[in-house]
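First up is the structure itself, then whatever we jot down about it.
Protein chains: 2
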Amino acid sequence: MRLTKHTDYAFRVLIYIASMREEKTTIQKLSQALEISNDHLKKVVNKLASTHWIAASRGKNGGIKLGIAPEALKLREVVELMEQTLSPVNCEAPLCKLNPHCHLRGILDNAQQAFMESLDAYTLADLVKAPMPETILAIEVS
Amino acid sequence: MRLTKHTDYAFRVLIYIASMREEKTTIQKLSQALEISNDHLKKVVNKLASTHWIAASRGKNGGIKLGIAPEALKLREVVELMEQTLSPVNCEAPLCKLNPHCHLRGILDNAQQAFMESLDAYTLADLVKAPMPETILAIEVS
DNA sequence: CTATAAAAAGTATATAACATGCACCTTTAA
DNA sequence: TTAAAGGTGCATGTTATATACTTTTTATAG
Chain A
1 MRLTKHTDYA FRVLIYIASM REEKTTIQKL SQALEISNDH LKKVVNKLAS
51 THWIAASRGK NGGIKLGIAP EALKLREVVE LMEQTLSPVN CEAPLCKLNP
101 HCHLRGILDN AQQAFMESLD AYTLADLVKA PMPETILAIE VS
Chain B
1 MRLTKHTDYA FRVLIYIASM REEKTTIQKL SQALEISNDH LKKVVNKLAS
51 THWIAASRGK NGGIKLGIAP EALKLREVVE LMEQTLSPVN CEAPLCKLNP
101 HCHLRGILDN AQQAFMESLD AYTLADLVKA PMPETILAIE VS
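In order, the protein sequence lines correspond to chains A and B.
According to our numbering, the first sequence is numbered sequentially starting from 1.
According to our numbering, the second sequence is numbered sequentially starting from 1.
Set out below in structure tokens:
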């Protein structure tokens with residue numbers, strides 16, 4: 001019962017970028033600061049950029065920055081974007097023999113809803129309230 | 001973001017056994033009725049039996065049956081028993097560089113709590129309200 | 001009172017699925 | 001030309017799932 005690492009990394013990226021405010025950064029710097037492989041991070045950033053939560057500019061002097069106000073990005077949305085599936089069980093494949101005489105699915109989906117609604121109360125801004133120490137933000141690419 | 005199949009199977013087993021009331025059954029019959037491999041089911045039943053939610057008797061004419069009133073078994077407890085981990089993220093391995101300046105963990109754990117509390121409202125009895133058709137229960141071992 | 005059979009319980013290993021990591025290539029724009 | 005994002009494919013590792021085999025327990029038949 002765990003979120004995927006992709007979702008986890010998406011949060012880390014967003015927190016990091018939000019902490020930098022307007023300043024533009026690059027995936028390379030992110031990779032070094034967060035100690036996550038450059039190529040791997042690309043996929044995560046890519047997906048985030050597809051929603052305009054991250055603004056990416058290509059070409060020389062390109063880079064990425066937050067494309068939305070931190071207060072406007074609900075954590076729920078991040079989970080919804082990154083997770084492949086949100087349903088706690090799969091009654092169809094392989095088909096459960098108790099189907100359709102079973103109420104479990106509905107109950108679990110409800111619980112999942114409760115999870116998501118709990119996240120609805122928070123935005124990215126809540127994750128960057130405490131200032132991030134400079135030692136983490138100040139990464140110089142050699 | 002899915003429960004493991006073990007948890008899923010645990011629910012199926014419990015629903016099936018609860019539907020039979022007092023009648024004793026065997027793992028073999030369960031396996032045929034639910035179309036889950038005998039050897040695989042054993043592990044699930046075993047784990048459930050370790051809690052006395054299932055009463056298992058060994059030896060000839062042995063078998064399994066529900067060891068607790070369906071109203072007394074909260075669905076939450078089943079999830080807690082079967083799932084290896086309930087924490088949505090792992091900030092420690094590999095260690096997240098944003099630690100400990102990050103509030104994400106607490107927020108996600110809260111959401112997880114909401115999930116579990118939602119399950120608290122239901123017991124196994126809620127899953128066997130609608131009667132299970134005889135065609136599913138009446139499995140004869142050849 | 002011994003042997004047998006039927007059941008759960010336990011242990012080990014194989015397989016499959018999925019997440020992750022890495023390498024390489026393409027596109028863009030200064 | 002260079003530095004950046006964007007895209008694709010494959011290798012690797014981990015975890016979940018499935019299977020096979022062995023042991024223990026207990027009723028019952030002889």
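Ideal Cβ placement from N, Cα and C applies to all residues, glycine included.
| query | result |
| --- | --- |
| 8 Å Cβ cutoff, MET20(B) in contact with chain A | no |
| Collapsed DSSP secondary structure at GLY106(B) in the structure displayed | helix |
| Reduced DSSP category for VAL141(A) - H, G, I as helix; E, B as strand; rest coil | In this prediction, VAL141(A) has a pLDDT of 44, which is less than 50 and means its spatial position is unreliable; what the coordinates show is noted afterwards. Looking at VAL141(A) - three-state DSSP - the assignment turns out to be coil, as it is neither helix nor strand. |
| Closer than 8 Å at the beta carbon, the chain B residues around ASN110(A) | SER118 |
| Distance between ASN99(A) and LYS5(B) (C-alpha atoms, nearest Å) | 16 Å |
| Three or more C-beta pairs below 8 Å linking the region 45-64 of chain B and the region 93-111 of chain B | no |
| Cβ contact (3+ pairs, closer than 8 Å) linking the region 12-21 of chain B and the region 121-128 of chain B | yes |
| Best match in THR85(A), GLU23(A), PRO88(A), GLU83(A) for proximity to GLY62(A) [C-alpha to C-alpha] | GLU23(A) |
| Neighbourhood of ALA114(A) by C-beta, 6 Å cutoff - its chain only, sequence neighbours within 5 removed | none |
| Chain-ordered chain A contacts of ARG12(B) [CB-CB under 9 Å] | CYS96, LYS97, LEU98, CYS102, LEU104 |
| Residue range of the alpha helix (DSSP H) that includes SER19(B) | 5-19 |
| Close Cβ partners of SER31(A) (< 7 Å) along its chain, the five nearest in sequence each way excluded | SER37, ASN38, LEU41 |
| Close beta carbons around GLU71(A), own chain, < 6 Å, minus the five adjacent residues each side | THR123, ALA125 |
| Beta carbon proximity, LEU30(A) to chain B, threshold 8 Å | no |
| Local Cβ density within 10 Å of GLN84(A), reported as buried at 16 or more and exposed below that | exposed |
| Any C-beta of chain A under 8 Å from that of VAL141(B) | Residue confidence for VAL141(B) is low, a pLDDT of 47 falling below 50, so the modelled location carries little weight and cannot support an answer. |
| Against chain A: residues of the region 78-94 of chain B by CB proximity under 9 Å | VAL79, GLU83, GLN84, THR85, LEU86, SER87, PRO88, VAL89, ASN90, CYS91, PRO94 |
| Runs of alpha helix (DSSP H) wholly within the region 66-102 of chain A (minimum 4 residues, chain order) | 75-82 |
| Terminal residues of the beta strand (DSSP E) in which ALA56(B) lies | 54-57 |
| Closest by C-alpha distance to SER19(B), when choosing among PRO88(B), LYS60(B), GLU77(B), ILE68(B) | ILE68(B) |
| Any chain B beta carbon closer than 8 Å to ALA72(A) | no |
| Beta-carbon proximity check, ARG105(A) vs VAL89(A), cutoff 8 Å | yes |
| Assigned exposure category for SER118(A) - 16 Cβ within 10 Å defines buried | buried |
| Within 8 Å, strictly: CB atoms of ILE64(A) and VAL78(A) | no |
| C-alpha distance - LYS74(B) paired with LEU66(B), whole-angstrom precision | 14 Å |
| Assumed close pair LEU3(B), MET1(A) - CB separation to whole angstroms, cut-off 8 Å | 6 Å |
| Burial state of ASP120(B) (16 or more Cβ within 10 Å) | exposed |
| Identity of the residue in MET82(B), CYS91(B), LYS29(B) nearest ALA10(B) by Cα | MET82(B) |
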